[in-house]
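Chemist: I have a structure I would like to understand better, so I am pasting it below and will then ask my questions one at a time.
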Amino acid sequence: IEKDEIIVANMSCNSSRTVGMRPEIIENLKLQNPDLLFFGGDQTYRHTEHTAGWIEFGLQFRDIIRDRPTVCIPDDHDVGHGNVWGENGKKSVTPGDADGGYRYPVEYVNQVQRQQSWNLPDPVDPAPVDRGIGVYFTRMTVGGVDFAILEDRKFKTGPDGKIPKMGPRPDHINDPKYDPKTIDLPNLQLLGIRQEKFLQNWGQDWTGAQMKCVLSQTAFCGAVHMHGGRNSRLLADLDCNGWPQTPRNKALELIRKAWAVHLCGDQHLAVTVKHGIKDFGDGPYSFTGPALVNTIYGRWWHPLDEKAGPNPVKGSPLPWTGDFLDGLGNKISMMAYANPEDITDEKKRSDGYGIARFNKKSRTITFECWPRFSDVRMGDKAQFPGWPIKVAMDANDGRKVVGYLPEIVFEEGVNGVVQVVEEKTGEVLYTVRTQGGKFSPRVYAEGKYTVKVGKDKPDAQTVKELGPMPASNTGQKKIKITL
């Protein structure tokens, strides 16, 4: 696709309680003309009749699916669960499935996955998990944007029996004395070792790519206070990927190394956040899209003190933006949220979908959030309040810059790939495609650094023992590279 801007539709949670077609969504999408459709899960809620639900979904969205690339990845309701912690494919044996694994037979799980993901590129690591359940995590490039497609449920540990129970369910915490550190235990998995390795390799390979994005089912935080109803407040919900916290941070570090954003769904509450790992704002941006049809489960962002956090979004029409700790102790900066006004009114319960615009020329990503019954011809005023949100690609690495290494200048204006490695630890700080034939590598601590460069991977030339200079000296020292 030869165009400066690649448009991705971010959709999920298509309630089967509301039968029939989705004309208002289809007509808007036709006008917006996305280059890629991403359905992040819960395409159907027909728990034991997936084929019927899949056909129903196809009929509802065929007029937009038929003529553009589409990514569908199943989530919990697609495989017949309320929530799912796949735990490497084991069998779940407890009500609610919080012990980890899958409730229904392997053949059924594989059928769901095959129906929804058959059109994706081959999995990067095709070995099945326990009991022969297949995998589909992979990558695909559309118009110069490289998408990592993850399975953020399949390897995740179930909480029941692994952590102390501190609420009415093993996955719900409402004990006011609870300490988030007590559930961040060793050996708990989120993406799993195989997908972490995939993300590490993906972040260092820019073949055919100018920008990067991660697609998965749910959010790497718990950006929700009320679950199911206005009087149902939880401290923490372990269905989200804010838990386990240590592998959550690992996943975000890997995403940050590629200056990538994250798109997902599942939460029934649209939010845009900037993740914090060690400090507020030092991680990537994430956009959790709203539920396409939100008749299953309402959720709200509603801080108990009803106050904005530090560093609120300037000029936002929303009262509760800024820096917060979620119920799991994770740092998040809330940029925007779309609370349901009235969960009983289909036009006020925050149904809708997201749009992400990847502008390769300006290296920016714009998040848009559209109500189901909006008219996109009315422009931005028809979006949910707080959107659109425009972010720079390099802002997905928000660590504090202490200096810059000598400027890398590629001969003949080649936009090569640059990787920066901290020599003391061997840590790869980031690997990115340059723009304009030159790049001033930024670093976040004093010390010595190695810079690796190449055409699509950092495998052509290496320069060692480079030290940072202040921003005022940026560009005074240059390293010329011929590829």
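Everything in the sequence shown is counted per this note's numbering, starting at 26 for the first residue and increasing by one. From the three backbone atoms N, C-alpha and C, an ideal C-beta is built for every residue, glycine too.
1. If G1 sits next to L175, beta carbons under 8 angstroms apart, how far is it from one beta carbon to the other, in whole angstroms?
2. Kindly confirm or deny that the region 301 to 314 and the region 32 to 42 touch, where touching means at least three C-beta pairs closer than 8 angstroms.
3. What is the residue span of the alpha helix (DSSP H) that H75 lies within?
4. According to DSSP, is R139 part of a helix, a strand, or is it coil?
5. Using the C-alpha atoms, what's the distance from G451 back to K489?
6. On a CA-only basis, which of F398, K332, V239 is nearest Y310? Give me that one, please.
7. Our contact map puts K372 next to F409 with C-beta atoms below 8 angstroms; I'd like the distance itself, whole angstroms only.
8. Using CA atoms only, rank isn't needed, just tell me which of I321, F245, G301, Y322 is closest to G347.
9. By Cβ distance, which residues of its chain are closer than 7 angstroms to Y322, with the 5 residues on each side in sequence left out?
10. Have a look at Q486, Y127, T119 and flag the residue whose alpha-carbon is nearest the alpha-carbon of N113.
11. Counting pairs of Cβ atoms below 8 angstroms between the region 195 to 206 and the region 136 to 151, do you hit three or more?
12. Whole angstroms is fine: what's the gap from S34's alpha carbon to Y378's?
13. Might you give, ordered along the chain, the residues of its own chain that have their beta carbon closer than 7 angstroms to the beta carbon of D209, omitting 5 neighbours on each side?
14. Can you tell me which of Q214, M236, K187, V109 puts its alpha carbon nearest to the alpha carbon of R388?
15. If distances are taken between C-alpha atoms only, which option among R178, M494, N53, M46 comes closest to N266?
16. Tell me where the alpha helix (DSSP H) around A470 begins and ends.
17. Counting beta carbon pairs with one atom in the region 434 to 442 and one in the region 411 to 422, are three or more of them shorter than 8 angstroms?
18. Among the candidates V109, G45, D103, D100, whose CA atom is the shortest distance from the CA of R87?
19. Using a threshold of 9 angstroms, state whether the C-beta atoms of G306 and N336 are closer than that.
20. Within 10 Å of its beta-carbon, does T487 have 16 or more other beta-carbons around it, so buried, or fewer, so exposed?
21. Going by C-alpha distance, which of G500, V457, V149 is nearest V442?
22. Short check: CB of G169 to CB of I31, under 9 angstroms?
23. Give the DSSP-derived three-state secondary structure of R458 in the structure shown.
24. Using the beta-carbon count (16 or more within 10 Å), is S497 buried or exposed?
25. Cβ atoms of I90 and L62: under 9 angstroms apart, would you say?
26. Do you know whose CA, among K55, N58, Q444, lies nearest A283's CA?
27. For T507, collect the residues of the same chain with a Cβ closer than 7 angstroms to its Cβ; drop the 5 residues on either side in sequence, then sort them by chain order.
28. If I measure Cβ to Cβ from P153 and keep anything under 8 angstroms in the same chain, skipping five residues before and after, which residues do I get?
29. For K386, does the three-state DSSP call read helix, strand or coil?
30. Tell me where the beta strand (DSSP E) around G347 begins and ends.
31. Below 8 angstroms on the Cβ atoms is my guess for D481 versus W227; work out the distance and round it to an integer in Å.
32. How about Q214 and K190: do their beta carbons lie closer than 9 angstroms?
33. Whole-angstrom Cβ separation of S375 and N319, contact assumed at under 8 angstroms?
34. Determine the DSSP secondary structure at W325, reduced to helix, strand or coil.
35. Count the other C-beta atoms from every protein chain shown that fall within 10 angstroms of the C-beta of K425, then say buried if there are 16 or more, exposed otherwise.
36. In its own chain, which residues sit with a C-beta less than 7 angstroms from the C-beta of Q57, not counting the 5 before and 5 after it?
Modeler: Reading it off the structure:
1. Any question about residue 1 goes unanswered here, given that the chain covers just 26 to 508.
2. yes
3. Within the sequence shown, residue 75 is the residue found at index 50, counting from 1. Run containing H75: 75 to 90, per the alpha helix (DSSP H) assignment.
4. Counted from its first residue, the sequence shown places residue 139 at position 114. Note: R139 maps to helix in three-state DSSP.
5. For the purposes of this step, residue 489 is taken as the residue at position 464 of the sequence shown. For the purposes of this step, residue 451 is taken as the residue at position 426 of the sequence shown. Computed Cα separation, rounded: 12 angstroms.
6. What you label residue 310 is simply residue 285 of the sequence shown in a count that begins at 1. The residue with the shortest Cα to Cα distance from Y310 is V239.
7. Mapped onto the sequence shown, residue 372 falls at position 347. Mapped onto the sequence shown, residue 409 falls at position 384. That belief does not hold up - the Cβ atoms of K372 and F409 are roughly 13 angstroms apart, past 8 angstroms.
8. For the purposes of this step, residue 347 is taken as residue 322 along the sequence shown, with counting starting at 1. Closest option to G347, Cα to Cα, is G301.
9. Here residue 322 corresponds to residue number 297 of the sequence shown, with the count starting at 1. Excluding sequence neighbours, Y322 sits near G253, H293.
10. In the sequence shown, counting from the first residue as 1, residue 113 sits at position 88. Of the candidates Q486, Y127, T119, the one whose C-alpha sits nearest the C-alpha of N113 is Y127.
11. no
12. As a first step, residue 34 is located in the sequence shown; it is residue number 9 there, counting from the start. As a first step, residue 378 is located in the sequence shown; it is residue number 353 there, counting from the start. The sequence given here places Ala at residue 34; Ser does not occur at that position. Cα-Cα distance, rounded: 7 angstroms.
13. The residue labelled residue 209 in the question sits at position 184 within the sequence shown. Correct list, in chain order: P269, Q270, T271.
14. To locate residue 388, count along the sequence shown from 1; it is residue 363. It is M236.
15. Within the sequence shown, residue 266 is the residue found at index 241, counting from 1. Out of R178, M494, N53, M46, R178 has the C-alpha closest to the C-alpha of N266.
16. Taking the first residue of the sequence shown as position 1, residue 470 is located at position 445. Counting along the chain, A470 falls outside any alpha helix (DSSP H), and DSSP gives it neither H nor E.
17. no
18. On the sequence shown, position 62 is the one that residue 87 refers to. Closest option to R87, Cα to Cα, is G45.
19. Counted from its first residue, the sequence shown places residue 306 at position 281. Counted from its first residue, the sequence shown places residue 336 at position 311. Contact: yes.
20. In the sequence shown, counting from the first residue as 1, residue 487 sits at position 462. T487 comes out exposed.
21. As a working note, residue 442 is residue 417 in the sequence shown. When each option's Cα is compared against that of V442, the closest is V457.
22. Start at 1 with the first residue of the sequence shown, and residue 169 comes out as number 144. Start at 1 with the first residue of the sequence shown, and residue 31 comes out as number 6. It is a contact, given that the beta carbons lie within the stated cut-off.
23. Taking the first residue of the sequence shown as position 1, residue 458 is located at position 433. Looking at R458 - three-state DSSP - the assignment turns out to be strand.
24. The residue given as residue 497 occupies position 472 in the sequence shown. With fewer than 16 other Cβ atoms within 10 Å, it is exposed.
25. In the sequence shown, counting from the first residue as 1, residue 62 sits at position 37. In the sequence shown, counting from the first residue as 1, residue 90 sits at position 65. A contact, by the Cβ cut-off of 9 angstroms.
26. For the purposes of this step, residue 283 is taken as the residue at position 258 of the sequence shown. The candidate whose alpha carbon is nearest that of A283 is Q444.
27. As a working mapping, residue 507 is identified with position 482 in the sequence shown. Closer than 7 angstroms at Cβ, skipping near neighbours: E436.
28. For the purposes of this step, residue 153 is identified with residue 128 of the sequence shown, where counting begins at 1. The residues are G114, G159, V160.
29. For the purposes of this step, residue 386 is taken as residue 361 along the sequence shown, with counting starting at 1. Coil at K386, not helix or strand.
30. The residue labelled residue 347 in the question sits at position 322 within the sequence shown. That run of the beta strand (DSSP E) goes 347 to 350.
31. For the purposes of this step, residue 481 is identified with residue 456 of the sequence shown, where counting begins at 1. For the purposes of this step, residue 227 is identified with residue 202 of the sequence shown, where counting begins at 1. Their Cβ separation, rounded to whole angstroms, is 13 angstroms, which puts D481 and W227 out of contact at 8 angstroms.
32. As a working note, residue 214 is residue 189 in the sequence shown. As a working note, residue 190 is residue 165 in the sequence shown. Going by C-beta atoms, Q214 is not nearer than 9 angstroms to K190.
33. For the purposes of this step, residue 375 is taken as the residue at position 350 of the sequence shown. For the purposes of this step, residue 319 is taken as the residue at position 294 of the sequence shown. Correct: roughly 6 angstroms between the Cβ atoms.
34. What you label residue 325 is simply residue 300 of the sequence shown in a count that begins at 1. Here W325 sits in strand by DSSP.
35. Translated into positions along the sequence shown, residue 425 becomes position 400. Counting Cβ neighbours within 10 Å, K425 comes out exposed, since fewer than 16 surround it.
36. Within the sequence shown, the letter at position 32 stands for residue 57. Result list for Q57: I32, I380, V401, in chain order.
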